[in-house]
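Read through the structure below, which is laid out as structure tokens, and then see the notes.
Numbering (my numbering), first residue to last: 1 to 219.
Printed below as a string of structure tokens:
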């Protein structure tokens, strides 16, 4: 069962409820998949069963099809955010990184038929998460992150390039459904997404922090 951790290895006393994801929040990523740039945040969710600690060896089922990676900045909700919450940024208590794993072929087929994406986005272990770093989020907060596959840099993100700010994202999300302590918000992926393969070495880095690596098994 997944548990939130801080970077120093201590457990966070918050239970994960849901993972709220933001699609197409970087223009270059929307372009690489030939998707239109949205006029408002494109939201979808993953259940808590999608979460897995990235620090452990990552194992994914082959029978579902090809898994694609999407590296993203993750926000840890520490206080309830509802439609009437004022200045919601202080409600974020930590930041980390995540892989929004996607069954791209399944997603494409569902989109073509106008169906929801859950089969492609919300399956078990589809959201590996790093430990979180304590932070005080404000309007000037900016984060950079990197993702490597087999020591090759594949994605490099900078939140200053997001189409929708942290405040806009949290406001839009809370207008639809309440964010509770322990929930996680994924803020979108930059360009460079691609397919994962058995025995890949994966690595993620937030800012100048430590590089977290894991070995991937697909069987």
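C-beta: ideal position from N, C-alpha, C; glycine also. None of these values were measured; they are calculated from a predicted model.
For this session: Answer yes or no: do residue 193 and residue 70 have a C-beta to C-beta separation smaller than 8 Å?
Result: Residue numbering aside, residue 193 sits at position 193 when the chain shown is read from its first letter. Residue numbering aside, residue 70 sits at position 70 when the chain shown is read from its first letter. Going by C-beta atoms, residue 193 is nearer than 8 Å to residue 70.
For this session: Return the first residue and the last residue of the alpha helix (DSSP H) that residue 121 is part of.
Result: As a working mapping, residue 121 is identified with position 121 in the chain shown. Unbroken alpha helix (DSSP H) run through residue 121: 118-121.
For this session: Below 7 Å CB to CB, which residues in the same chain sit around residue 27 once its five sequence neighbours on both sides are set aside?
Result: What you label residue 27 is simply residue 27 of the chain shown in a count that begins at 1. These residues qualify, in order along the chain: 37 and 163.
Exercise. Excluding the five sequence neighbours on either side, which residues of its own chain have a C-beta within less than 6 Å of the C-beta of residue 158, listed in chain order?
Worked result: Stepping through the chain shown from its first residue, residue 158 is reached at position 158. So the list reads 144, once near-sequence residues are dropped.
For this session: Would you mind stating whether residue 181 and residue 79 have Cβ atoms separated by less than 8 Å?
Result: Taking the first residue of the chain shown as position 1, residue 181 is located at position 181. Taking the first residue of the chain shown as position 1, residue 79 is located at position 79. The answer is yes: Cβ separation under 8 Å.
Problem set entry | Extent of the continuous alpha helix (DSSP H) to which residue 174 belongs | Here the question's residue 174 lines up with position 174 in the chain shown. It spans 166-176 - the alpha helix (DSSP H) in which residue 174 sits, taken as one unbroken run.
Problem set entry | For residue 48, the three-state DSSP class (helix, strand or coil) | If you number the chain shown from 1, residue 48 lands on position 48. Residue state, collapsed to three classes: helix.
Exercise. How would you label residue 121, buried or exposed, when you count the other beta carbons within 10 angstroms and need 16 or more for buried?
Worked result: Here residue 121 refers to the residue found at position 121 when the chain shown is read from its first residue. Buried is the call here.
For this session: Take residue 165 as the anchor and find which of 24, 11, 12 and 6 has the nearest alpha-carbon.
Result: If you number the chain shown from 1, residue 165 lands on position 165. Selected option, being the one with the closest Cα: 24.
For this session: State yes or no: is the C-beta of residue 5 within less than 8 Å of the C-beta of residue 52?
Result: Along the chain shown, one-based indexing puts residue 5 at 5. Along the chain shown, one-based indexing puts residue 52 at 52. Contact: no.
For this session: Could you name the residues of the same chain whose beta carbon sits closer than 6 Å to that of residue 93, not counting the 5 residues immediately before and after it, in chain order?
Result: Along the chain shown, read from residue 1 onward, the residue named residue 93 stands at position 93. When the five nearest sequence neighbours on each side are left out, the beta carbons in the same chain lying within less than 6 Å of the beta carbon of residue 93 are those of 76 and 78, in order along the chain.
For this session: Would you tell me roughly how many angstroms separate the C-alpha atoms of residue 128 and residue 57, rounded to the nearest one?
Result: Translated into the one-based positions of the chain shown, residue 128 becomes position 128. Translated into the one-based positions of the chain shown, residue 57 becomes position 57. Cα to Cα, the separation comes out at about 10 Å.
For this session: Evaluate the contact criterion for the segment 15-23 versus the segment 133-144: three or more CB pairs, one atom per stretch, below 8 Å.
Result: no
For this session: Please look up how many angstroms separate the CB atoms of residue 54 and residue 204, rounded, as I've assumed it's under 8 Å.
Result: Taking the chain shown and counting its residues from 1, one reaches residue 54 at position 54. Taking the chain shown and counting its residues from 1, one reaches residue 204 at position 204. Indeed, because the Cβ distance is near 7 Å, the residues count as touching under 8 Å.
Exercise. Thinking C-alpha only, which one of 153, 169 and 160 is nearest residue 211?
Worked result: Here the question's residue 211 lines up with position 211 in the chain shown. For the residues 153, 169 and 160, the minimum Cα distance to residue 211 belongs to 153.
For this session: Could you name the residues of the same chain whose beta carbon sits closer than 8 Å to that of residue 115, not counting the 5 residues immediately before and after it, in chain order?
Result: Locating residue 115 in the chain shown gives position 115, where the first residue counts as 1. Closer than 8 Å at Cβ, skipping near neighbours: no residue.
Exercise. Quick one: what's got a C-beta closer than 6 Å to residue 213's C-beta in the same chain, skipping five residues either side?
Worked result: The residue labelled residue 213 in the question sits at position 213 within the chain shown. Hits under 6 Å: 203.
Exercise. Are residue 216 and residue 200 close, meaning C-beta to C-beta below 8 Å?
Worked result: In the chain shown, residue 216 corresponds to position 216, counting from 1. In the chain shown, residue 200 corresponds to position 200, counting from 1. Yes, the pair counts as a contact, with Cβ atoms nearer than the cut-off.
Exercise. Cβ of residue 70 less than 8 Å from any chain C Cβ?
Worked result: No chain C appears in this structure, which consists of one protein chain only.
For this session: Starting from residue 155, follow the beta strand (DSSP E) in both directions and report where the run begins and ends.
Result: Along the chain shown, read from residue 1 onward, the residue named residue 155 stands at position 155. It spans 152-158 - the beta strand (DSSP E) in which residue 155 sits, taken as one unbroken run.
Problem set entry | Reduced DSSP category for residue 261 - H, G, I as helix; E, B as strand; rest coil | Here the chain covers residues 1 to 219 and nothing more, so residue 261 does not appear.
Exercise. For residue 218, which residues of its own chain have a beta-carbon under 6 Å away from its beta-carbon, when the five flanking residues on both sides are left out?
Worked result: As a working mapping, residue 218 is identified with position 218 in the chain shown. So the qualifying residues of the chain are 60, 62 and 198.
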